[in-house]
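Protein sequences, first through last, are from chains A and B.
As numbered in the working numbering, the first sequence has no gaps in its residue numbers, which increase by one up to the final residue, 1437.
As numbered in the working numbering, the second sequence has no gaps in its residue numbers, which increase by one up to the final residue, 1437.
Cβ coordinates follow ideal geometry from the N, Cα and C atoms, glycine included.
Protein chains: 2
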Amino acid sequence: MEHPLNVYNNLTRSKERFVPIQSPFVGMYVCGPTVYNYMHLGNLRTFITFDMVYRYLVHLGYKVRYVRNITDVGHITTEFDEGVDRIGAQAKLEQLEPMEIVQKYTNNFHDVLNQFNCIPPSIEPTATGHIIEQIEMVKQILENGFAYEADGSVYFDVRAYMQKHKYGALSGRNVDELFENTRELDGQDEKRFFADFALWKKASPEHIMKWPSPWGEGFPGWHLECSAMSTKYLGEEFDIHGGGMDLKFPHHESEIAQNTACCGHGPVRYWLHGNMLTVNGEKMSKSKGNSFLPLELIAGSHPLLDQGYSEMTVRFFMMQSHYASTLDFSNDALKAAEKGYKRFMTAIDALEKVKAGTASTFSVDDLRRDCYAAMNDDFNTPILIAGLFECVKQINLMLEGKAALTDADLSDFKSMVHAFVFDVLGFRRENESAGNTKALDAAMQLVIEMRRKARENKDWTTSDTIRDQLKAAGIVIKDTKEGVDWMLE
Amino acid sequence: MEHPLNVYNNLTRSKERFVPIQSPFVGMYVCGPTVYNYMHLGNLRTFITFDMVYRYLVHLGYKVRYVRNITDVGHITTEFDEGVDRIGAQAKLEQLEPMEIVQKYTNNFHDVLNQFNCIPPSIEPTATGHIIEQIEMVKQILENGFAYEADGSVYFDVRAYMQKHKYGALSGRNVDELFENTRELDGQDEKRFFADFALWKKASPEHIMKWPSPWGEGFPGWHLECSAMSTKYLGEEFDIHGGGMDLKFPHHESEIAQNTACCGHGPVRYWLHGNMLTVNGEKMSKSKGNSFLPLELIAGSHPLLDQGYSEMTVRFFMMQSHYASTLDFSNDALKAAEKGYKRFMTAIDALEKVKAGTASTFSVDDLRRDCYAAMNDDFNTPILIAGLFECVKQINLMLEGKAALTDADLSDFKSMVHAFVFDVLGFRRENESAGNTKALDAAMQLVIEMRRKARENKDWTTSDTIRDQLKAAGIVIKDTKEGVDWMLE
């Protein structure tokens, strides 16, 4: 790889050179949503973060298998396995069958991510779709001696695990410290140790979401699905595991324990975590009333919002901060991002009108180097955007005639800028059907090249036919000294 | 219900009054796609048909649980259980993991239905997500004596079934007649009777999509998933089962046999089937080269198409024909539909400008009665559209001052018209990205011509460059017998 990528690995707490297990293939697993409610803004940030990571890996030439799950069963309302399944609880509330709840919020999740221009993952497996795989994993963990059955449930045996493996390596928490933060709660009595967690939970007779298993009717514990599905689709060891910072403990820690208990080694090379959002300096929370949804942010329909902000403004705002830093939402910051994004995209659009000069007054390679350096330093998008604003400055100077690039350099500059703006950062021109536009642009580049050749060969018939057919379809082409311009009438 | 609905029930071959098992609740199951390729236009018609059925039932006030499955395993390439799994075959072809194939074409399916303004179902279960439920059903059928195991596979025992139940009631086929149409094929030797079909298939070691079962590693037979998932989400007996006419046999017939063998009675009250498409009077088929995809129809990118037709034009065209009739696609018919839809929607839009008069010159109730009468007669959308054109006539007369409605009647008229146009028929106002599409089509015609010439001159470099550049922009070109086809991925 020409541009060595370094990532901050939460497992080793250090920045490391990214070396895939089997380059050019990269396996990446990202914890998806629990689909019992509309997507939270904090979740949106996480998914946009890993969309950017995915896009950059693809841009670097890696063949990425990107797996992001849908949690549609097993996510319990409180931390230590008591409480109720979130989906079941919401189903009762909305008087729907649990899978109707799942469908409704999965659709919302997809719609929102689509609006924010996130690329769908290669595989989007569901927890209910992998009950057998989860049961098989529980059987293996039991067989290996790291779990026990108690009255139809199966628990992970943390003490047995700790005799052979380190527990808490990812989160840095140790069991004594955890114990101090634990209250005694109902239903824990069947556990042998407070930190044990459910791999399989016995279902009560009125529980709707349940399946037969060797331990009776029940449902999988929340942490188990990610271990089972990542193993199925990415293998026992894969490259990147992503998710929100809040999942580090207990979710990701439990994943590591489960995989290790099952296969004898940890599953993941690089653990990447996206950081949280705050609003006006405070943690978002429903009880504080400062929590708004992505669609409320767009519509500006929450009392804390002065106005609505477009999807791309929000994406730009998020990209202006490093994914591992907290990000504070305020009207002032969003309005600044709106202005910044407009200035940014105005220049990117104007780049189409820049004409080549006879000599280059600045180095495209230097600018490119800075952009890659930013991204290769743990996906540092704010520094990348600063680098792209350097490009914006040069674009504006070129438009004023105060800077110039030769034909070859200009074309190089354009494709570099477009790659970072559209492919890597995932911006799109607003109010346009993006696919169509990109396709039209590509087709037109080919047509213009064909016309150029026809004219070079003095084949005026072909060149006129092209012009006429385009004209009939509302496309005007114009020859200028610098080259060929085209636009829709 | 104020408006009694009658539906043509394929099981009884007669039009019957629709009486839900537990009004106002209605359970409706529709066979969804096998996600191994881009959605076929014939499938699109089926899904738009049942979207309309769903919309009308909801409009009538029923609380509909609408289940439409995704077949992501088990659909075999040929009829009698030999051949290979379609998803697995396509995975090999595209060099992807089967679930990547599933994800890719599920996304395409959702995008296309969304473009045609189809409402997502209440639950969209997948076959791979219900392996346990399928295994449980096989166990029950075995226990009831209507299936047998043979070398790790389980087959449905049609002869045993026929001793207690009627086989072929839905399709009207009998076993003797079937026998005449059957060729002797490999792998049938383990069946006891030619008409037996697989409930569970043993997987070969190299088979990727397989799960543990009481009979060893394998995967479910295609017909089984619909029986298992409809039972799970709609109960042992539910109201409506829909699907394309081509699924009547063997798929739906097998569903009935499976459910009856499992539960002792048939699963469905009303069987509704959408009819097929023809193109210029001929059955669509890949081998004839007259088969185009929904997105090709919109882009006008298939050699048989003079131009592109918008989603709503296509929907209007489909609604102008009764769902149980065959529908012939031709440029003339589509152009007529385009004109008709434009005239129709122009009037609907102009309705906003109509001012109330002092007296009403026509009866809104009469028009409403005609609209309901049409829909209550087995969802007769062409008659409904004729009724709405009566409304269009009145709208135009009102605009000319030659007809009038009082304020109250006008408001009543508006809400009636809007309900049928937008809620029931599912039309929506089109936003104009049409210019872009037309331009893209023109540019692509030129590119295709240039590629043709390059190939004629054996200039493979140019022809490959064109293909690659288009591919990078999301345009796929395909050579067919009739010429070159292109579409956006």
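Is any beta-carbon of chain B found at less than 8 Å from that of A:SER1311?
no
By the 10 Å Cβ neighbour count, where 16 or more other Cβ atoms means buried, how is B:LYS1149 classified, buried or exposed?
buried
Based on Cα-Cα distance, which residue from B:GLN1111, B:VAL1106 and B:GLU1138 lies nearest to B:LEU1126?
B:VAL1106
So, with DSSP's three-state summary, where would you put A:LYS1419?
helix
Short of 9 Å Cβ to Cβ, which residues in the region 1070-1091 of chain B face chain A?
SER1070, ILE1071, GLU1072, PRO1073, THR1074, THR1076, GLY1077, HIS1078, ILE1079, ILE1080, GLU1081, ILE1083 and GLU1084
Flag this pair as touching only if the region 1240-1259 of chain A and the region 1302-1319 of chain A have three or more C-beta atom pairs under 8 Å; answer yes or no.
no
As assigned by DSSP and simplified to three states, the class of A:GLY1077
helix
Could you tell me which whole alpha helix (DSSP H) segments of length 4 or greater appear in the region 1223-1305 of chain A?
1242-1247, 1259-1267 and 1279-1298
For the region 1199-1208 of chain A against the region 1314-1326 of chain A, are there 3 or more C-beta pairs whose distance is under 8 Å?
no
DSSP on A:TYR1218, reduced to helix/strand/coil?
strand
Three or more beta-carbon pairs under 8 Å between the region 1162-1169 of chain B and the region 1097-1112 of chain B, yes or no?
yes
Closest by C-alpha distance to B:GLY1190, when choosing among B:ASP1124, B:ALA1387 and B:PRO1215:
B:PRO1215
Please look up how many angstroms separate the CB atoms of A:LEU1332 and A:ARG993, rounded, as I've assumed it's under 8 Å.
Between A:ARG993 and A:LEU1332 the Cβ distance is about 17 Å, and since that is not below 8 Å, they are no contact.
What are the residues of the region 1416-1429 of chain B that lie near chain A, defined by any Cβ-Cβ distance shorter than 8 Å?
GLN1417, LEU1418, ALA1420, ALA1421, GLY1422 and ILE1423
Specify the secondary structure class of A:HIS1189 as computed by DSSP and reduced to three states.
strand
So, are the CB atoms of B:ILE996 and B:PHE1057 less than 8 Å apart?
no
Below 8 Å on the Cβ atoms is my contact criterion, and I expect A:MET1000 with A:THR1329 to pass it. Report the Cβ-Cβ distance as a whole number of Å.
6 Å
By the 7 Å beta-carbon criterion, what residues does the region 1046-1058 of chain B contribute toward chain A?
MET1047, GLU1048, GLN1051 and ASN1055
Within 9 Å of chain A by C-beta, residues of the region 1176-1209 of chain B in sequence order
LYS1180 and TYR1181
Taking only three categories from DSSP, how would you classify A:ASP1134?
Any reading at A:ASP1134 needs caution, since the residue's pLDDT is 49, under 50, leaving its predicted position unreliable; the model's value is listed next. Correct three-state label for A:ASP1134: coil.
Check the Cβ-Cβ distances between A:VAL1372 and every residue of chain B, and say whether any is below 8 Å.
no
Own chain residues within Cβ distance below 6 Å of B:LEU1358, not counting five before or after:
ALA1304
For A:ASN954, does the three-state DSSP call read helix, strand or coil?
strand
Helix, strand or coil: how does DSSP classify B:PHE1145 here?
strand
Would a C-beta distance cut-off of 8 Å place A:LEU1347 and A:VAL1302 closer than the cut-off?
yes
Check the Cβ of B:PRO1068 against every Cβ in chain A and list those closer than 8 Å, keeping chain order.
GLN1051 and ASN1055
Under DSSP, the alpha helix (DSSP H) around B:LYS1350 begins and ends at which residues?
It is not in any alpha helix (DSSP H) - B:LYS1350 carries neither H nor E in the DSSP assignment.
Could you give the distance in angstroms between the alpha-carbon of A:THR1179 and the alpha-carbon of A:MET1193?
22 Å
Scan the region 1140-1167 of chain B for residues whose Cβ lies nearer than 7 Å to a Cβ of chain A and list them as they occur along the chain.
TRP1159 and PRO1160
Have a look at B:PHE1292, B:ALA1143, B:HIS1250 and B:ASN1238 and flag the residue whose alpha-carbon is nearest the alpha-carbon of B:PHE1264.
B:PHE1292
Of the residues B:VAL1262, B:TYR1271 and B:THR1294, which one's Cα is nearest the Cα of B:ALA1285?
B:VAL1262
Distance check for B:ILE1425 and A:HIS1200, CA to CA, integer angstroms please.
44 Å
Whole-Å CB distance - A:LEU1147 paired with A:TYR1218, under 8 Å assumed:
Not confirmed; about 26 Å, so no contact.
Smallest Cα separation from A:ASN957: which of A:PHE973, A:MET1392 and A:SER1119?
A:SER1119
From B:ASP1412, B:GLY980, B:GLN970 and B:ALA1151, pick the residue whose C-alpha is nearest to that of B:PHE1186; which is it?
B:GLN970
Under the assumption that A:ALA911 contacts B:ILE1423 (Cβ atoms under 8 Å), give the Cβ distance between them as a whole number of angstroms.
In this structure chain A extends from 949 to 1437, so residue 911 of chain A is not present and cannot be described.
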